[in-house]
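Protein chains in written order, with this note's numbering: chain B, 2 to 286; chain C, -13 to 329.
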């Protein structure tokens, strides 16, 4: 509770919180803000036409349409849901996996610890984006595959941080006391060691949330990711790539195709950066 | 220190084996007929032979260790399979593409380290004054803009709007010059080669193409490393040795430039080493945005064309580059910090 109070008092973190709240609201009320058509998968962007040329904002289509007649406003509103779902799932699963593997390794110590850390080193020496691309390509297209690939390559980060924390905590007297009183390893690990070493994870989770969204957007942007038409910010920006040059005499004719999705991604990540930085500052003292 | 470096060099083959196992195990998700491409090195092998025969020839129906051993033997001979998306052996593609990416990465690192040292020192010297606040604010903003958004807007402003720079790696006339007789390709990096051949027109052209990707590449890392450099400078300025230097009577400028900055650089160099994987990952996006034919763009083309041999070969190359870069950073420590050289 103290943390939240401190967060609200700092202007930067307050701004971060407000931006994130704004996007959460949009994600939650997406069906009201941009109602999907009947019998339509709400996560697929509404198509107004099959035209290859973008059309400017007009009545009922506030942000215009991009290449292929996709509604940009609809894509951005529902894209916030995609971002939230991917971010939450990946961060939750990866941190759970990382905490378990890193925590158990550190608690057990010796060979177990050594082996887990070498595995962590291996995973961390492959560039994250390239690893995720390779795995997604091999598994096939789709959001669930991206999520799986992201989890597989982001747990080592958490494992490393929790390890150093558990190594400190397991030498504390209350842990020893609990063992002496007859507590089993499992009990000591779950009720004493873990809860006391979990704090740094909060910082990591808040910083990584924005990062994960960036990676997903980047993948859709280069055309490896969600299937065409899926409401996803990176993909809208990918459609815009062909239209940045405008037409002779009017170089910025198609400004709406890239400006809105860029602003969406930028503000979302900025929110998480502000929040993550502030939490780190508070935790550091 | 020598012992430490020696240990690191010994460890490299082991790490490579571990990584190649991870990378090769990706192929287990593929069917044997898709996997064949990873083993084949010329198109003829595809044309006159039955796929089933190939599967048998390369032992693709055998257990994983046997397949891995077969593949690893080929890799050691420099055979990385046939790229179906670019229609040439993967090893040949890599020979052309790796220098392009390294050129971009080296230039990026130079830009990053120069701006980091400059901005970090400036912010620390003017601690809590307006210059410091501007730098800190700029750093927070630029670390939140995704590099592909930066790249896209750089293109919109400098290519579409002003017409100063163009995407790609070389213009048409420079390209002709590079592939003409009498022009020797030494490194594959145009900026270096053009100087060695003394063709300043090619140098100018290559530079005008590489500037925008370098900026897009460096913006995010500059933000992160400036923040690190600033806090490390501030910490070192309070240390005893800085006060000693001041008491001896050295000018503040000398204290900061000769003593504080040198010590403050150590964590920044560590960060630079950690940056290599990040930069290589970023090259995938930056090269695609700017149509710059390097490893990153190759990986994207391969991924879109489901060109598995290319993807696996390229990932292996990327891992090798990272390991060499890490070794270079370790050597740099010794240069920067004499204390490390002793034990």
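Ideal Cβ placement from N, Cα and C applies to all residues, glycine included.
Handout entry: Test: residue 131 of chain C CB closer than 8 Å to a CB of chain B
Key = yes
Handout entry: Range of the contiguous alpha helix (DSSP H) that encloses residue 192 of chain C
Key = 186 to 223
Practice task
Return the chain-ordered list of same chain residues with a C-beta closer than 8 Å to the C-beta of residue 16 of chain C, the five sequence neighbours on each side being excluded.
Solution key: 294
Practice task
Taking only beta-carbon positions, decide if residue 136 of chain B is within less than 8 Å of chain C.
Solution key: yes
Exercise for the section: Compute the distance between the beta-carbons of residue 268 of chain B and residue 27 of chain B, then report whether it is under 8 Å. Expected result: no
Handout entry: Members of the region 236 to 265 of chain C near chain B, C-beta cut-off 9 Å
Key = 262, 263, 264, 265
Problem - Cutoff 8 Å: residue 301 of chain C Cβ touching any chain B Cβ - result: yes
Problem - Members of the region 6 to 20 of chain C near chain B, C-beta cut-off 8 Å - result: 8, 9, 12, 13, 15, 16
Practice task
Using beta-carbon positions only, say whether residue 176 of chain C and residue 202 of chain C come within less than 8 Å of one another.
Solution key: no
Problem - residue 261 of chain C classed as buried or exposed, judged by whether at least 16 other C-beta atoms fall within 10 angstroms - result: buried
Handout entry: 7 Å CB neighbourhood of residue 182 of chain C in its chain, flanking five on each side removed
Key = 172
Exercise for the section: List in chain order: all unbroken alpha helix (DSSP H) runs of 4+ residues lying wholly within the region 60 to 134 of chain B. Expected result: 73 to 109, 111 to 125
Problem - Proximal chain C residues relative to residue 224 of chain B, where beta-carbon distance stays under 8 Å - result: 286, 290
Practice task
Report all residues from its chain with a CB closer than 8 Å to the CB of residue 87 of chain B; omit the five preceding and five following residues, and keep chain order.
Solution key: 144, 147, 148, 151, 213, 214, 217
Handout entry: Segment contact flag, the region 86 to 102 of chain C with the region 196 to 212 of chain C, C-beta cutoff 8 Å, min 3 pairs
Key = yes
Handout entry: 7 Å Cβ cut-off: residues of chain B touching residue 267 of chain C
Key = 128, 129, 130, 131
Exercise for the section: Give me the Cβ distance between residue 296 of chain C and residue 79 of chain C, rounded to the nearest whole Å; I'm assuming they're in contact under 8 Å. Expected result: 7 Å
Exercise for the section: For residue -3 of chain C, count neighbouring Cβ atoms within 10 angstroms of its own Cβ and tell me buried if that reaches 16, exposed if not. Expected result: exposed
Handout entry: Three or more C-beta pairs below 8 Å linking the region 74 to 88 of chain B and the region 231 to 248 of chain B
Key = yes
Exercise for the section: With 7 Å as the C-beta to C-beta threshold (strictly closer), list the residues of the region 59 to 76 of chain C near chain B in chain order. Expected result: none
Practice task
State the Cα-Cα distance for the pair residue 221 of chain C and residue 156 of chain C, rounded to the nearest angstrom.
Solution key: 45 Å
Exercise for the section: Would you kindly work out how many angstroms separate the C-alpha atoms of residue 137 of chain B and residue 196 of chain C, rounded to a whole number? Expected result: 30 Å
Handout entry: Distance CB(residue 269 of chain C)-CB(residue 259 of chain C) smaller than 8 Å
Key = no
Handout entry: Proximal residues, the region 260 to 274 of chain B versus chain C, C-beta separation under 7 Å
Key = 263, 266, 267, 270, 271, 274
Handout entry: 7 Å CB neighbourhood of residue 1 of chain C in its chain, flanking five on each side removed
Key = 309
Handout entry: Reduced DSSP secondary structure (H/G/I, E/B, other) of residue -1 of chain C
Key = helix
Problem - Inter-stretch contact at 8 Å, needing at least 3 Cβ pairs: the region 100 to 115 of chain B / the region 162 to 171 of chain B - result: yes
Exercise for the section: Output, in sequence order along the chain, the residues in the region 133 to 147 of chain C whose CB is closer than 9 Å to any CB in chain B. Expected result: 133, 134, 135, 138, 139, 141, 142, 145, 146, 147
Problem - Residue ranges of each beta strand (DSSP E) within the region 266 to 312 of chain C, 3 or longer - result: none
Practice task
Run down chain B in chain order and give the residues with a C-beta less than 7 Å from the C-beta of residue 308 of chain C.
Solution key: 126
Exercise for the section: Measure from the alpha carbon of residue 112 of chain C to the alpha carbon of each residue in C:263, C:277, C:238, C:292, then state which is nearest. Expected result: C:238
Exercise for the section: Out of C:179, C:117, C:271, C:184, point me to the one whose CA is closest to residue 216 of chain C's CA. Expected result: C:117
Problem - Close Cβ partners of residue 219 of chain B (< 8 Å) along its chain, the five nearest in sequence each way excluded - result: 130, 235
Handout entry: In DSSP terms, what residue 75 of chain C is bridged to
Key = C:68
Practice task
Kindly identify the DSSP beta-bridge partner or partners of residue 56 of chain B.
Solution key: B:66
Handout entry: Opposing strand residues paired with residue 48 of chain B [DSSP bridges]
Key = B:71
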